[in-house]
Amino acid sequence: MADRIAQYFIPCVICLAVITWITWVVIGYFNIDFILKLHHNHDHLMKFHNVTANHNSNRNNADYEMIYKTAFECAIAVLVIACPCALGIATPTAVMVGSGIGAVNGILIKGGEPLEILQSVKTIVFDKTGTITEGSPKITKIRCAPSSDADLIDLFVLLEAAERNCGHPIAKAIKSFAQKVLPLDRSAICENFYDCPGLGVRCMISNVSAASTEALTADLLGVSKRRFVEEVEITNAPCLPMPQKSDAVSDTYEVIIGNRQWLVQNGVYVSSEVDDLMTTEERNGHITVLCAASKVIRCLVCISDSVKKDAALAIYTINRMGINTVLLTGDNVNTATAVAKKVGMQVTYAEVLPNYKKLKIEQIRKFGKVAMIGDGVNDSPALAAADVGIAIGAGSDLAIRAADIVLLKAHSSLLKNNLIDVVVALELSRKTMQKIKMNLMCASIYNLLAIPIAAGVFQPIGISIQPWFAGMLMALSSVTVVTSSLMLKFFRKPTEKSLTTPEYFDYLARLSYSERPVSVVSGSAEINPKLSETSYNDLEYPSYKRRPLLTATFFRSKLNGYSKDAVSSEKLLPDL
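For the sequence shown, this note's numbering gives the first residue as 510, with consecutive numbering after it.
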């Protein structure tokens, strides 16, 4: 904005200087006594006029010189005092200081535009895995068909070989577990591997018998039917069919691993019993993955990714700022709903394929500015499509490159990311914009007052400015703007301790024991170009009423000797 003002301000000042010069020349030609009366106390002007008049036979020559000298002094004073430095540096200095403060606090801001836009966003969209959650999924349970140890080892060999070439966090968790259970020098062979983002993988696995025989001799799994291997509970699922023994001649399996939709697309029958079993686990917040071999479901893998400890506090604070929060994930509806309820989000987009995330952001942008927070490669198009893209520092290089702001936090040489930094970035953006507006207001007031004085408008009442004094005022205005911007150095960032108020604990208690509805929309149903603005707003943006910080809960806590140490947010939040 300051650049646009300066673009028009300089030509306007030049025009004002010309107009000032012409005005004083015209006034002098028609009323020289008026100019002489204004300067009767200015000794240097009157001496110049008297000397010139004594050495010239024609007194008009001295009058003309007095007229032009007065006109030039006023015009030059206008040019000097209206230097656009104050307006020109009002925004850059504040942005520079704000970006520096962000860097000191572990927030990398790429330029001034993201810092200026962030304070005006209406909605912040969060990715789930790696953003709301820790991003380190672990297998917690495997539900498989009643089988012998040999069949179970075959299953782990298939899982390891199929997920070996996939880079998804869930695939890495499955592969890591299988490799711990089966420390083999020789594994099965994976061919015709196909990875469908957001759905699952499909491949052909051969040499299974040789790999499983080697693992069987190690006696890794024991003989019990309910067992724990690497802290993973392995139980039988009666609803799954008994595995068929592989053909000794053809030791090759078509392995399909993924969600319901992916297995159905590949011709695998998912019974209602299996679907109910998956739904039960998903409502507990688990990610469920099915594994099928030769068109038959062999097991159900339950994966858990713990929610970050400060996620609920960050979402609560952002909502209090009057900003809507939305969860955007490719996980199923039940898992996404469980996570959204735990952190207090009102709107959830579930089962969104990676190539639809960008379209989702573009839809939301129709109703206000949007910030997107993510960490994965699949989030990069959405980060680029948002008004402000915010990447987690521990995320992929592509996401960091596509984002406008990167959250970095170092503790004990280990990179950890704190969602409270999102609140810090929002508050820093608001403070910076307040400082920019203050600088522009001060610079504008200075020019509005100084230019008329420099032009000589107030000379009839004895107020005038010489060019040398106008230059001093111009420099002083620039120093004032720089000093005002440097006041941002006193910015105090919000901390987890300062944001953890008695009201927040009251909010956590209500969040844990109340059945607050969450608006959940499936990704496939969401991409609808004919969706009306009214229905979209009613669904996506439920009204949020900002609550006051000091409530009756706060005063009751003071009277009852409330202690924050007596209540833990981890205890109030239910485990997923």
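Every residue, glycine too, gets a C-beta built ideally from N, C-alpha and C.
- Under the three-state reduction of DSSP, residue 543 is assigned to helix.
- Ranked by Cα distance from residue 821, the first of 805, 850, 813 is 850.
- Look at residue 777 here: in three-state DSSP terms it is coil, with no helix or strand label.
- Between residue 530 and residue 591, the C-beta gap is not smaller than 7 Å, which leaves the two residues out of contact.
- With a cut-off of 8 Å on Cβ pairs, the segment 611-629 is not in contact with the segment 540-547, counting fewer than three such pairs.
- Look at residue 928 here: in three-state DSSP terms it is coil, with no helix or strand label.
- Separation of the CB atoms of residue 997 and residue 940 is rounded to 6 Å, and the pair is thereby assigned contact status at 8 Å.
- Given a length threshold of 4 residues, each whole run of the alpha helix (DSSP H) inside the segment 667-700 is given here in chain order: 678-690.
- Cβ contact annotation for residue 894 (same chain, cutoff 7 Å, sequence separation greater than five): 867, 870, 871, in chain order.
- When secondary structure is reduced to three states using DSSP, residue 884 falls in the coil class, being assigned neither helix nor strand.
- For the pair residue 609 and residue 618, the CB atoms are not nearer than the 7 Å cut-off.
- Each residue's CA atom was taken as its position, placing residue 812 and residue 797 some 6 Å apart.
- Residue 636 is bridged by DSSP to 837.
- Nearest in C-alpha terms to residue 778, of all of 769, 786, 539, is 769.
- For the pair residue 979 and residue 629, the Cα-to-Cα distance works out to about 38 Å.
- Assigned with DSSP and collapsed to three states, residue 619 falls in coil, not helix or strand.
- Assignment of residue 1027 by DSSP, reduced to helix, strand and coil, places it in the coil class.
- About 13 Å separates the beta carbons of residue 823 and residue 901, which is beyond the 8 Å limit, so they are not a contact pair.
- Looking at 787, 648, 827, 539, the one whose alpha-carbon comes closest to that of residue 1003 is 827.
- Of the candidates 708, 673, 677, 688, 673 places its Cα closest to the Cα of residue 701.
- Using a C-beta cut-off of 8 Å, the segment 645-654 makes contact with the segment 802-811, since at least three inter-stretch Cβ pairs fall below that distance.
- Distance from the Cα of residue 573 is smallest, within the candidate group 603, 536, 842, 631, for 536.
- By the Cβ criterion, the segment 659-673 is not in contact with the segment 843-863, since fewer than three pairs of Cβ atoms, one from each stretch, lie closer than 8 Å.
- Just so you know, the alpha carbons of residue 883 and residue 519 end up roughly 43 Å apart.
- Runs of the beta strand (DSSP E) lying entirely within the segment 847-877 and spanning at least 3 residues, in chain order: 856-859.
- Between residue 703 and residue 1012, the alpha-carbon positions lie close to 50 Å from each other.
- Its chain contains 878, 896, 897 as the residues whose beta carbon lies nearer than 7 Å to that of residue 626, once the 5 sequence neighbours on both sides are disregarded; these appear in chain order.
- Taking residue 603 as the centre and dropping the five residues before and after it, the same chain places the C-beta of 941, 944, 945, 948, 994, 997 closer than 7 Å to its C-beta, in chain order.
- Straight through space, the alpha carbons of residue 687 and residue 711 are spaced by roughly 18 Å.
- Contact between residue 718 and residue 760 holds, since their C-beta atoms are separated by about 5 Å, short of 8 Å.
- DSSP places residue 702 in the strand class (E or B) of the three-state scheme.
- Across the structure, residue 832 and residue 855 are spaced so that their CA atoms are roughly 12 Å apart.
- The C-beta separation of residue 635 from residue 836 comes to about 6 Å, placing the pair in contact by the 8 Å criterion.
- Look at residue 809 here: in three-state DSSP terms it is strand.
- No residue range can be given for residue 917, since it is assigned to no beta strand (DSSP E) and is classified by DSSP as neither H nor E.
- Assignment of residue 824 by DSSP, reduced to helix, strand and coil, places it in the helix class.
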